[in-house]
Amino acid sequence: MRLLVTGGAGFIGSNFVHHVVEHTDHRVTVLDRLTYAGNRASLAGLPEDRVAFVHGDIADADLVDDLVAAADAVVHYAAESHNDNSLHDPNPFLHTNLIGTFTLLEAARKHGTRFHHISTDEVYGDLELDDPARFTEETPYNPSSPYSSTKAGSDLLVRAWVRSFGVSATISNCSNNYGPYQHVEKFIPRQITNVLRGIRPKLYGEGRNVRDWIHADDHSSAVLTILDEGRIGETYLIGADGEKDNKTVVELILHLMGRPTDDYDHVTDRAGHDLRYAIDSTKLRDELGWQPRFRDFEAGLAATIEWYRDHEEWWAPAKDSTEAFYARLGQ
Numbered sequence: 001m002r003l004l005v006t007g008g009a010g011f012i013g014s015n016f017v018h019h020v021v022e023h024t025d026h027r028v029t030v031l032d033r034l035t036y037a038g039n040r041a042s043l044a045g046l047p048e049d050r051v052a053f054v055h056g057d058i059a060d061a062d063l064v065d066d067l068v069a070a071a072d073a074v075v076h077y078a079a080e081s082h083n084d085n086s087l088h089d090p091n092p093f094l095h096t097n098l099i100g101t102f103t104l105l106e107a108a109r110k111h112g113t114r115f116h117h118i119s120t121d122e123v124y125g126d127l128e129l130d131d132p133a134r135f136t137e138e139t140p141y142n143p144s145s146p147y148s149s150t151k152a153g154s155d156l157l158v159r160a161w162v163r164s165f166g167v168s169a170t171i172s173n174c175s176n177n178y179g180p181y182q183h184v185e186k187f188i189p190r191q192i193t194n195v196l197r198g199i200r201p202k203l204y205g206e207g208r209n210v211r212d213w214i215h216a217d218d219h220s221s222a223v224l225t226i227l228d229e230g231r232i233g234e235t236y237l238i239g240a241d242g243e244k245d246n247k248t249v250v251e252l253i254l255h256l257m258g259r260p261t262d263d264y265d266h267v268t269d270r271a272g273h274d275l276r277y278a279i280d281s282t283k284l285r286d287e288l289g290w291q292p293r294f295r296d297f298e299a300g301l302a303a304t305i306e307w308y309r310d311h312e313e314w315w316a317p318a319k320d321s322t323e324a325f326y327a328r329l330g331q
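When we follow UniProt numbering, the leftmost residue of the sequence shown carries the number 1, and every step to the right adds one.
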């Protein structure tokens, strides 16, 4: 297959490109605008006869039309995705997550191209900490930030283009990812790189907020499974039963890096900070036979720490500006 992967120089997208190259014979064209969260170095070492890179905006209709016309399938990762940034300036989130998705859908509609849309569990809002429930494909949308609301809107666009125009699309909503190539603004790499720099990790509020963690390679394998075997028009939730509260994650990072587990600072909590996410991926597992490979969060986290320890040249250029931004916010 010829895959067009939008946002393929970002964290989750680049992990998907690496996974595709390792596990299939597909050829990949990456379309990425290379905002601060995109990094060509995340694609370094991949074979040039298998992976091509195009620098451009998914809202550029002419460019998108040409690329979609040449592809057998589009895997749409490109998104503005950081909650803190969306609270500071929502405008880029509307441009990329809504206008960009619309532009891609119109091209897929025109050329009859298979389309898979990557989304997030944050579109469902949050769950109470003591609620035994998990998100399912039937959970109503209840987004709480400009980021999650624009992702919810992009999901609804995909659903409408399937129903109204017959676009051959599927959607997946995934829980929080961790692993290589994640920008240092994000929770886990920020704490890891703080420790590597001799800075105390930072914890929002009391750290009771719960996230359902999945390794990026497991996310990639699930997306490839849906692309190959998923039913058109369906939504699949991707999760690996990795619920951990933020305090536990920070303390585990410190433990794995040989530091006292109380060696961190509490900082001002994020506005509207969701309490708990939890994914029920029964549909994906039962219908398509997918299973996560990284079932041991501690082992996956240890491997992630080693990746950041070994790749300072990848993350260091963004570290100082990221910490300066958080310092201005008191976080």
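Using N, Cα and C, we set each Cβ at its ideal position, and we do this for glycine too.
Per DSSP, cross-strand counterpart(s) of residue i
| i | result |
| --- | --- |
| Phe115 | Val74, Ala169 |
| His215 | Tyr178 |
For residue i, three-class secondary structure by DSSP
| i | result |
| --- | --- |
| Ala52 | strand |
| Phe294 | coil |
| Tyr308 | helix |
| Val195 | helix |
| His266 | strand |
| Thr136 | coil |
| His26 | coil |
| Val184 | coil |
| Ile226 | helix |
| Glu243 | strand |
| Ile253 | helix |
| Asp32 | strand |
| Arg2 | strand |
| Tyr141 | coil |
Exposure label - residue i; buried when at least 16 CB within 10 Å
| i | result |
| --- | --- |
| Lys151 | buried |
| His117 | buried |
| Arg114 | buried |
| Leu329 | exposed |
| Leu254 | buried |
Distance between residue j and residue i (C-alpha atoms, nearest Å)
| i | j | result |
| --- | --- | --- |
| Ile214 | Asp241 | 8 Å |
| His55 | Asp32 | 5 Å |
| Asn97 | Leu237 | 19 Å |
| Ala69 | Val250 | 45 Å |
| Arg231 | Asp84 | 35 Å |
| Ala71 | Val64 | 11 Å |
| His219 | Ile199 | 30 Å |
| Val167 | Ala73 | 12 Å |
| Tyr326 | Val267 | 10 Å |
| Ile12 | Tyr77 | 7 Å |
| Leu43 | Leu275 | 34 Å |
| Ala318 | Glu312 | 10 Å |
| Trp307 | His88 | 30 Å |
| Gly38 | Gly125 | 26 Å |
| Asn177 | Thr35 | 20 Å |
| Asn91 | Ala79 | 12 Å |
| Met257 | Ala302 | 9 Å |
Given residue i as reference, the closest of the options once Cα atoms are compared
| i | options | result |
| --- | --- | --- |
| Ala316 | Arg190, Ile226, Phe93 | Arg190 |
| Arg134 | Ile99, Val210, His183 | Val210 |
| Asp269 | Arg328, Leu203, His311, Tyr277 | Leu203 |
| residue 333 | Val21, Glu313, Arg276 | Because the chain spans 1 through 331 in this model, residue 333 falls outside it and cannot be assessed. |
| Thr101 | Gly153, Asp126, Thr282 | Gly153 |
| Tyr147 | Leu94, Phe297, Phe53, Ala9 | Leu94 |
| Arg259 | Pro201, Leu46, Thr29 | Pro201 |
| Phe53 | Arg109, Ser81, Ser281, Ala9 | Ala9 |
| Leu224 | Asp245, Glu122, Gly289 | Gly289 |
| Lys283 | Thr261, Asn173, Ile99, Glu122 | Asn173 |
| Arg120 | Asp49, Leu105, Asp245, Thr235 | The question names Arg, but residue 120 is Thr in the sequence shown. Comparing Cα-Cα distances from Thr120 to each of Asp49, Leu105, Asp245, Thr235, the minimum goes to Thr235. |
| Thr24 | Gly239, Ser321, Leu227, Arg293 | Leu227 |
| Arg295 | Gly7, Asp262, Gly239, Ile188 | Gly239 |
| residue 337 | Val195, Tyr178, His82 | No statement about residue 337 is possible, as the shown extent of the chain runs from 1 to 331 and does not include it. |
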